[in-house]
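Enquirer:
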Ligand SMILES: [Zn+2]
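Residue numbers (the numbering used here): 2 to 118.
1) Please tell me whether, using a cut-off of 7 Å, the distance from the CB of residue 105 to the nearest non-hydrogen atom of ligand 1 is below it.
2) Does the Cβ of residue 69 lie closer than 7 Å to at least one heavy atom of ligand 1?
3) Is residue 81 helix, strand or coil by DSSP?
4) Which residues mark the beginning and the end of the alpha helix (DSSP H) in which residue 90 is found?
5) Could you tell me if residue 116 is buried or exposed, where buried requires 16 or more neighbouring beta carbons within 10 angstroms of its beta carbon?
6) Excluding sequence positions up to five away, which residues of its chain have a Cβ less than 6 Å from the Cβ of residue 64?
7) One question on the structure: do residue 105 and residue 85 come within less than 8 Å of each other, judged by their Cβ atoms?
8) Ordered along the chain, which non-local residues of its own chain (more than five positions away) have a Cβ less than 6 Å from that of residue 92?
9) DSSP three-state label for residue 76, please.
10) Using only the alpha-carbon positions, how far apart do residue 89 and residue 33 sit?
11) According to the neighbour-count rule (16 or more other Cβ atoms, all chains shown, within 10 Å of its Cβ), is residue 49 buried or exposed?
What follows is the structure, given as structure tokens:
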């Protein structure tokens with residue numbers, strides 16, 4: 002990776018990070034609003050609880066994404082970006098293009114999904 006590529010990747014990661022944070026903020030707003038609309042009658046209660054769970058889980062996934070992006074930025078600074086954190090091989094550029102904060106190559110990712118990290 003040359004200096005320009007590092008710079009471009011950094012900008013892309015920072016953009017992604019901002020986009021996720023905006024999604025999280027929007028989900029948290031929606032979640033707060035659900036909690037604020039007074040005392041629901043019994044019929045409404047279960048669906049409201051369900052929606053709050055969905056929103057909560059959504060933002061958990063997104064928080065994990067932010068952590069992944071932060072880790073990718075750190076690896077970029079260390080010159081380890083695009084290298085699999087498990088086997089040390091280079092991660093396929095097509096994979097990095099689709100998911101620029103990938104930590105593992107496809108093979109390792111498949112193993113991890115099957116057998117755990
Ligand atoms: Zn690997």
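Heads up, the beta-carbon is just placed ideally off N, CA and C, and yes, glycines get one too. Remember, predicted model here, so these are calculated numbers, not experimental data.
Expert: The relevant details are as follows:
1) yes
2) Taking 7 Å as the cut-off, the C-beta of residue 69 does not count as close to any heavy atom of ligand 1.
3) coil
4) Unbroken run through residue 90: none, as it is neither H nor E.
5) exposed
6) none
7) yes
8) 83, 85, 103, 106
9) helix
10) When the Cα atoms are used, residue 89 and residue 33 turn out to be separated by approximately 43 Å.
11) exposed
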